[in-house]
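Here the structure is laid out as C-alpha cells; the discussion comes afterwards.
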Amino acid sequence: MVKFTEDKMKEVQSMIDRYPEGKQKSALIPLLHLAQQEFGGWLSAETMDYVASLLSIEPIEVYEVATFYSMFNLQPVGKHVFEVCQTGPCMLNGSDQIIDYIKQRLNIGVGETTADGMFTLKTVECLGACGYAPMMQLGMHYREHLTKTKVDEIIEECRNKQ
Amino acid sequence: MAKKLLLEKAHVEGIRYFDVYRREGGYQAVEKALKMAPNDVVEEVKKSGLRGRGGAGFATGLKWSFLAKPEGVPRYLVCNADESEPGTFKDRYLMEFIPHLLIEGLVVASYALGSNRTYIYIRGEYAWIVAILEQAIAEAKQNGFLGKNILGTGFDCEIYVQRGAGAYICGEETALIESLEGKRGNPRIKPPFPAIKGLWGCPTVVNNVETLAAVVPIMNLGGEEYAKIGVGRSTGTKLISACGNINKPGVYEIDMTISVEEFIYSDEYCGGIANGKRLKACIPGGSSVPILPANLLLKTAKGETRYMNYESLSDGGFATGSMMGSGGFIVLDEDQCVVRHTLTLARFYRHESCGQCSPCREGTGWMEKILQKIENGDGVKTDIDLLWDIQRKIEGNTICPLGDAAAWPVAAAIRHFRDEFEWHVNNRELCRKQNYGLAHYADEIHVPA
Chain A
0 MVKFTEDKMK EVQSMIDRYP EGKQKSALIP LLHLAQQEFG GWLSAETMDY
50 VASLLSIEPI EVYEVATFYS MFNLQPVGKH VFEVCQTGPC MLNGSDQIID
100 YIKQRLNIGV GETTADGMFT LKTVECLGAC GYAPMMQLGM HYREHLTKTK
150 VDEIIEECRN KQ
Chain B
0 MAKKLLLEKA HVEGIRYFDV YRREGGYQAV EKALKMAPND VVEEVKKSGL
50 RGRGGAGFAT GLKWSFLAKP EGVPRYLVCN ADESEPGTFK DRYLMEFIPH
100 LLIEGLVVAS YALGSNRTYI YIRGEYAWIV AILEQAIAEA KQNGFLGKNI
150 LGTGFDCEIY VQRGAGAYIC GEETALIESL EGKRGNPRIK PPFPAIKGLW
200 GCPTVVNNVE TLAAVVPIMN LGGEEYAKIG VGRSTGTKLI SACGNINKPG
250 VYEIDMTISV EEFIYSDEYC GGIANGKRLK ACIPGGSSVP ILPANLLLKT
300 AKGETRYMNY ESLSDGGFAT GSMMGSGGFI VLDEDQCVVR HTLTLARFYR
350 HESCGQCSPC REGTGWMEKI LQKIENGDGV KTDIDLLWDI QRKIEGNTIC
400 PLGDAAAWPV AAAIRHFRDE FEWHVNNREL CRKQNYGLAH YADEIHVPA
C-alpha cells in the first residue's frame, strides 16, 4: 500500500502550511514530486488517489495535473533516467549525435527502458542550460558539456551505484 | 569594462551565504526601503525606467502601480523563476550564484506592494536551486530581514519556493498562477489582469527574477541615478545568456550601449564564432523572437549600427528587426541549417502548447510536421507557402502569447531564409545526405581585429 512515512508526512504538512487556509490544493505539484520520488519514480493511479486523499480533493483533479506536466512519469521508468535536451541551442552543439550515441550504447530507443530496468532514455525540451550544451538531466542534477566519453563515464557511474 | 549592478559580486567567495553577502553591502536596499512609504518605493522604481526582464519589457513601476488595493483583501507578489525560453539561462545563474540578491529584491518589492506572502515559482528542473534559495530565505529570516516584524517596522513577510513540474507555458503569468493554485497551466483570459484578480482571486504582481533583483541597485542608487545607466528607454543593465556556436557561451551583464558586433566578437563577451567559422544568423532574445541574418543583425536596414538594447534590436519591426526578449542570445554559424533549427523550435512549441486554443494546439503540430517533411527531403514548394499561411493564422488568435511565440520564429525563418527552404525542396536527395544549409548566407562582414 502507498503511504508516506511519518517523517515524510511532516514534510507534507509543511508544504500545505505554505498556503492560506483552504488553499491546500496548491500543494499538489510539490506533493506529486515527493510521491514520485518516494514511490518508485512514477505515479500510479493508486499513488495519485492517495495524494488526492491527503489534500481532500477529487482524484480527477490530481490526474489532470499529473498528465499536464512533463516531469511526472505515468509509467514505470528505469532506475536512472537520461533526459537529453534536443532543442535548438543543444542541437547546434551536437545533441543529435549524443542521443544517437546513448541509443547505441544502451541499445534502446527514445522512451524505452533497458531490459535490466537500469536506464530509461527520454528526450526533453529546453532545460535552461543552453550555454553548457549538449546536456541532460539525471535525477536532481544537470550533466553538461556532454561528449561521448562523458556519456560513457555517466553510464559507468550509474552502474557502480548498484 | 561595463558597469555591473547585478553580477558584480557574484563571484566573491561565499557570496551565497548571508554573512558574506551582508559584508559586501547586501540588504542595504531593504534598510533603505523600509524607512520609506511603500508608494515612494514604487515611485523610485517608476523613475528608474526599469522594464520587465522576462521578455515582454513592460515598465515595472507602472505594472506595480496597477495593483488593486481593496480593503481586507491580501495582495501577492509572485516571482517568475520558470525560466524556460530556449536560449535563456540567466535567472538560473543569478539564483545559483547570488541568491540573496533575489531575496533582497523580493523583500523590497513585497514591502512596496504590501505582500505578506510571496512565492518564487521555479521551474521543476532547477531542483538543486530550490535548496539554495531555501537556505538564503532561512538565513535572511534568522537575521531579521524576513519573517515577522522585519527590522522592527511591523512589516511581516514570508517567502516560499514553489517547484513547477516541466511546462514552458507556466512562464506566462496567468498560467503560472493557475499552476501555483495546483492546476494545469492553462492561461486565463484577460481581463481581468492579475493586478486585479490573480492568485486565489486576489490582486497579484508577477515579476521575473532579474527584474526583482534589479530593484536592489535601484534602491541603492536611487531611481534617477539608475535611469542614467543605459540609453533611452533601455535603462540599467541587462543579463544576456549567450549560446550556440560562439567561443564563450555564458551569462553576461551588459549596459545597453554596446553594439551587437562588439557583443559577439569582443573577448569580454562571446569571443567570436567558434572554430573560426563565420556568423550566419542569430536569435537575439530567446527562441520566440525573429531570427536575423548576419547583415541585418549587425546593422539595421538603414545601415546604422545595431545595439544591444530594446529599441535598436527592434528597429525595423519584424520586417528587418527582432526583439530584446528575454536576452537569450542564440548564435548560428555558417554550417547550421536554418530549416533544421526552426524545426527544433517548432517541435518545442508543439510540445509546450497547453492545448486550450485550436490555432495553437493544431497549428504548432502542423508546422512541426511540415518542417520535418522539408528537412527530411520530402517537401514540395507549396509546403513553404502552407507553412507561412499556418503561422499567420496562429498569430494573434490565441488566449496567450505562446501562439505568437510559436509563429514568429517560423515566419522570420521563411522571411529571411526563404532560399534555404527552397533549396531543401529543390534538392531533395542532397538535403537527405547533408544536415547543413547554405553557407553563402554568411555574408562577408567586417570582423574587428
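First to last, the protein sequences are chains A and B.
For the first sequence, numbering that gives the first Met the number 0 assigns the number 0 to the initial residue and increments by one for each residue that follows.
For the second sequence, numbering that gives the first Met the number 0 assigns the number 0 to the initial residue and increments by one for each residue that follows.
Ideal placement from N, C-alpha and C gives every residue a C-beta, glycine not left out.
Any C-beta of chain A under 8 Å from that of residue i
i: H423/B; result: no
i: T381/B; result: no
i: P289/B; result: no
i: A345/B; result: no
i: R52/B; result: no
i: F416/B; result: no
i: W407/B; result: no
i: G362/B; result: no
i: Y440/B; result: Caution is warranted here: a pLDDT of 44 is assigned to Y440/B, below 50, making its placement in the model unreliable, and the coordinate value is therefore given only provisionally. So, not an interface residue.
i: R244/B; result: First, the residue type needs correcting, since residue 244/B is Asn and not Arg in the sequence shown. N244/B counts as touching chain A.
i: A166/B; result: yes
i: L6/B; result: no
i: G275/B; result: no
i: E443/B; result: With a pLDDT of only 43 at E443/B, under 50, the local geometry of the prediction cannot be trusted, and the value read off the model is given with reservation. So no, E443/B is outside the interface.
i: H10/B; result: no
i: R122/B; result: yes
i: Q335/B; result: yes
i: L331/B; result: yes
i: E459/B; result: For residue 459/B there is no data in the structure shown, the boundaries of chain B being 0 and 448.
i: P85/B; result: yes
i: C430/B; result: no
Residue i at chain B interface by Cβ criterion, 8 Å
i: T63/A; result: The question names Thr, but residue 63/A is Glu in the sequence shown. So yes, E63/A belongs to the interface.
i: K121/A; result: no
i: G127/A; result: yes
i: Y49/A; result: no
i: P133/A; result: no
i: A26/A; result: yes
i: P58/A; result: no
i: H79/A; result: no
i: Y68/A; result: yes
Closest residue to residue i among the options (Cα-Cα distance)
i: E7/B; options: P73/B, V215/B, L385/B, K301/B; result: V215/B
i: L331/B; options: E252/B, G376/B, A412/B, G54/B; result: A412/B
i: E172/B; options: A410/B, A405/B, L401/B; result: L401/B
i: S47/B; options: S311/B, S233/B, E303/B, T343/B; result: S233/B
i: Y225/B; options: M255/B, P283/B, R391/B; result: M255/B
i: A55/B; options: G284/B, D266/B, F144/B; result: G284/B
i: A28/B; options: Y348/B, S258/B, L211/B; result: L211/B
i: F144/B; options: Y20/B, I329/B, G354/B; result: Y20/B
i: A213/B; options: T397/B, F154/B, L100/B; result: L100/B
i: I119/B; options: P186/B, D90/B, E138/B, C430/B; result: D90/B
i: A36/B; options: L198/B, D377/B, N185/B, F154/B; result: F154/B
i: N92/A; options: C242/B, L5/B, D39/B; result: C242/B
i: E5/A; options: E37/A, L31/A, V80/A, S25/A; result: E37/A
i: L449/B; options: I14/B, N375/B, G231/B, Q134/B; result: Chain B is shown only over 0 to 448; residue 449/B falls outside these bounds and no answer can be derived.
Contacting residues, own chain, Cβ-Cβ under 7 Å from residue i (five flanking each side not counted)
i: E43/B; result: I217, M218, G221, G222
i: Q390/B; result: M366, A406, V409, A410
i: L297/B; result: V259, E260, R305, I444
i: G364/B; result: R349
Local Cβ density within 10 Å of residue i, reported as buried at 16 or more and exposed below that
i: T236/B; result: buried
i: F118/A; result: buried
i: P69/B; result: exposed
i: A404/B; result: buried
i: Q103/A; result: exposed
i: G354/B; result: exposed
i: I373/B; result: buried
i: P190/B; result: exposed
i: G108/A; result: exposed
i: Q12/A; result: exposed
i: F57/B; result: exposed
Other residues of its chain near residue i: CB distance less than 6 Å, five sequence neighbours each side excluded
i: A34/A; result: T46, V50
i: S114/B; result: R74, Y75, L76
i: R158/A; result: none
i: T146/A; result: none
Neighbour flag for residue i against chain E, beta carbons, 8 Å
i: Y159/B; result: You won't find chain E in this structure, because its protein chains are A and B.
Cβ-based neighbour list, residue i, same chain, cut-off 8 Å, excluding 5 preceding and 5 following
i: G39/A; result: P75
i: N246/B; result: C269, G270, G271, I272, A273
Counting pairs of Cβ atoms below 8 Å between the segment 201-211 of chain B and the segment 60-71 of chain B, do you hit three or more? yes
Taking 8 Å as the threshold, find out whether the segment 416-430 of chain B comes into contact with the segment 393-400 of chain B through three or more Cβ pairs. No, because fewer than three Cβ pairs between the segment 416-430 of chain B and the segment 393-400 of chain B fall closer than 8 Å, the two stretches do not touch.
Quick check: the segment 343-363 of chain B against the segment 375-383 of chain B, are at least 3 beta-carbon pairs closer than 8 Å? No, because fewer than three Cβ pairs between the segment 375-383 of chain B and the segment 343-363 of chain B fall closer than 8 Å, the two stretches do not touch.
Can at least three beta-carbon pairs, one atom from the segment 120-132 of chain A and one from the segment 74-89 of chain A, be found at a separation below 8 Å? yes
Inspect the CB distances between the segment 20-28 of chain A and the segment 175-195 of chain B and report whether three or more fall short of 8 Å. yes
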